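Chains H and V, in that order, are what the protein sequence lines are.
Here the first sequence is numbered in the numbering used here, starting from -11 and rising by one per residue.
Here the second sequence is numbered in the numbering used here, starting from -11 and rising by one per residue.
Every residue, glycine too, gets a C-beta built ideally from N, C-alpha and C.
If you're wondering where the values come from, they're calculated on a predicted model, not measured in any experiment.
There are 2 protein chains.
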Amino acid sequence: MSKHTILIIEDEEDLLELLEYHLQKEGYETLGFLSTKNVEKCLEEERVDMLIVDRNLPGAEGSEFVASLRKKGLNQAVIFVTAKNSDMNIEEGFLRGGDDYVTKPYNMKELLLRIKAILARTVPEKNTLLLYRDLSLDLEAHLLHVDSLAVELTKLEFDLLRTLIENKNSVLSRNFLLENVWKNEEFFQDKTVNVAINRLKSKIDPTKEKEYIKSIWGVGYTLC
Amino acid sequence: MSKHTILIIEDEEDLLELLEYHLQKEGYETLGFLSTKNVEKCLEEERVDMLIVDRNLPGAEGSEFVASLRKKGLNQAVIFVTAKNSDMNIEEGFLRGGDDYVTKPYNMKELLLRIKAILARTVPEKNTLLLYRDLSLDLEAHLLHVDSLAVELTKLEFDLLRTLIENKNSVLSRNFLLENVWKNEEFFQDKTVNVAINRLKSKIDPTKEKEYIKSIWGVGYTLC
DNA sequence: TGAAACGATTACAATATGGTAACATAAAAA
DNA sequence: TTTTTATGTTACCATATTGTAATCGTTTCA
């Protein structure tokens, strides 16, 4: 799963760095800005999941800036950060399209928790993609793309390829595969695996140019 | 548009009344409880859009109660209200499925703003249509338009199509559908789904030209 | 080098799964 | 009440999938 990206506008350089440090430690991508300059362009070019905006910015008021972005279709969640904490200002922030409001000095742990809670609500969960070379297996949609070209697999072939990718650094014995893909190793024979592997190979690589699956003599199969 | 309904669990009776008063003044329906007793039953029977929960409840810990509800499938947003404000407790609240955390004594205006912001994110707008290709599902009016032509669906067919559209990027197993559309997966058989899908298909695409619904052999159904 | 063991490939048959129509029953409408 | 509608079940047929066996090719090792 790819990382969430958080765009931050904060004019105090030290604070921006500190915030970016903590967010990156939590596994987020960050895009830091010291002013609203270039932010719009960045939003057009990058996929951004959330914004953290200081209201006190040089030359612009953070919540007004966000309000103008909202008018242009910004849909991502926004957390306002500010030293101001009078009722009036909090209200303005929410009315101009804020999703949360944190006042300085803020507790970093709390801010991180708020970010996490809001992202959980606003960013739709990505489908789990299993990747291997130019293969991309979408477990939800039950879809395989080979070099971004859709290829149809049967349930057995799909499960087999998934097991191979999930264990891409091991050689899988026929017994292991019978246990994990067929679920009943005693009922079938080793040859069954051979044939299934073969069918899978011919679907994901009909011209036999790419050699995804290698057989290890006397041991089993593995991705190579 | 119908009112949003907010369920409140707060053991201080005065505070509960005050909160209900303000929420009602803002146009919300409220369901007040002095303890966790009967809350589960109420959630089963009433449509609730959000919960406000005090963490300090007689005989139960609010966030533990919410965590247990989440396990049973509660999906609505929860705001915790509490006098506690140590980091540790805020963290617990978020980890147990809270969407926001407000400490007493709280500013009523701010709480109302937070409620509004969260509802805007979590409750799908009633008037929005669910769209898929030339299908348009109006959840309020319980109406389907196919290429702007009205088509009548039964409740079951409607729920089925809604579930398919809401999960348009996933293959849905018959069990998933029995759970989510029929609500009682154990009572019915897989074939029931086949027949229902079939009836739905013939209503939305009687000439079988458009192929909205695809069956994935051995897995389930999906929109294509 | 040659035999044995193992893997690849192909064809075929059995099985599992899905589609469809007909029927039965329960719920809603008239 | 009678009639209509909705929906679960069953039966039967069509088709996709997949195990098996037969055959051919390749590797291993004496």
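Spatially closest choice to residue i from the options, by CA coordinates
| i | options | result |
| --- | --- | --- |
| F82 of chain V | V:K92, V:I67, V:T116 | V:I67 |
| L39 of chain H | H:H(-8), H:K60, H:G15 | H:H(-8) |
| C212 of chain H | H:K13, H:K198, H:F164 | H:K198 |
| Y200 of chain H | H:N172, H:S124, H:T180, H:K179 | H:S124 |
| D42 of chain H | H:E14, H:L118, H:I(-3), H:D193 | H:I(-3) |
| I213 of chain V | V:E154, V:D147, V:G206, V:K171 | With chain V covering only -11 through 212, there is no way to say anything about residue 213 of chain V. |
| D(-1) of chain V | V:N182, V:R162, V:S23, V:L19 | V:S23 |
| A213 of chain H | V:D87, V:L152, V:T210 | Residue 213 of chain H cannot be examined here, being either before or after the span of chain H that is shown, -11 to 212. |
| L137 of chain V | V:T91, V:G206, V:K13, V:D193 | V:D193 |
| E154 of chain H | H:L131, H:E173, H:L118, H:K179 | H:L118 |
| G15 of chain V | V:K92, V:N26, V:I(-6) | V:I(-6) |
| L57 of chain H | H:D37, H:V27, H:T91 | H:V27 |
| E49 of chain H | H:V69, H:E113, H:G208 | H:V69 |
| K92 of chain H | H:S51, H:R35, H:N44 | H:N44 |
Neighbouring residues, chain V, relative to residue i (Cβ below 7 angstroms)
| i | result |
| --- | --- |
| I78 of chain H | E98, L101 |
Proximity of residue i and residue j at Cβ, strictly below 9 angstroms
| i | j | result |
| --- | --- | --- |
| T110 of chain V | A71 of chain V | no |
| L188 of chain H | F176 of chain H | no |
| L100 of chain V | H10 of chain V | yes |
| V54 of chain V | R84 of chain V | yes |
| R150 of chain H | V181 of chain H | no |
| V159 of chain V | I204 of chain V | yes |
| L152 of chain H | T210 of chain H | yes |
| A129 of chain H | N77 of chain V | no |
Listed by chain order, chain V residues near residue i by CB distance under 8 angstroms
| i | result |
| --- | --- |
| G86 of chain H | A105 |
| N115 of chain H | N157, S158 |
| T240 of chain H | In the structure as shown, chain H starts at -11 and stops at 212, and residue 240 of chain H therefore has no counterpart that could be examined. |
Residue i: contacting residues in chain H (beta-carbon distance under 8 angstroms)
| i | result |
| --- | --- |
| F82 of chain V | L101, R102, K104, A105 |
Proximal residues of chain H, C-beta to C-beta of residue i below 7 angstroms
| i | result |
| --- | --- |
| T110 of chain V | R109 |
*With a cut-off of 8 angstroms, do at least 3 Cβ pairs link the stretch 31 to 38 of chain V to the stretch 4 to 11 of chain V?*
no
_Meets three-Cβ-pair contact criterion under 8 angstroms: the stretch 90 to 100 of chain V and the stretch 141 to 154 of chain V_ = no
*Using Cβ-Cβ distances below 7 angstroms, what residues of the stretch 187 to 208 of chain V are close to chain H?*
I204, W205, G206, V207
*Where the stretch 156 to 168 of chain V meets chain H: residues whose CB sits under 8 angstroms from a CB there*: N157, S158, V159
*Which residues, in chain order, does the stretch 122 to 153 of chain H contribute to contact with chain V at a C-beta distance below 7 angstroms?*
E128, A129, H130, T142, K143
*Could you run through the stretch 37 to 66 of chain V and flag, in chain order, every residue whose CB is less than 8 angstroms away from some CB of chain H?*
A65
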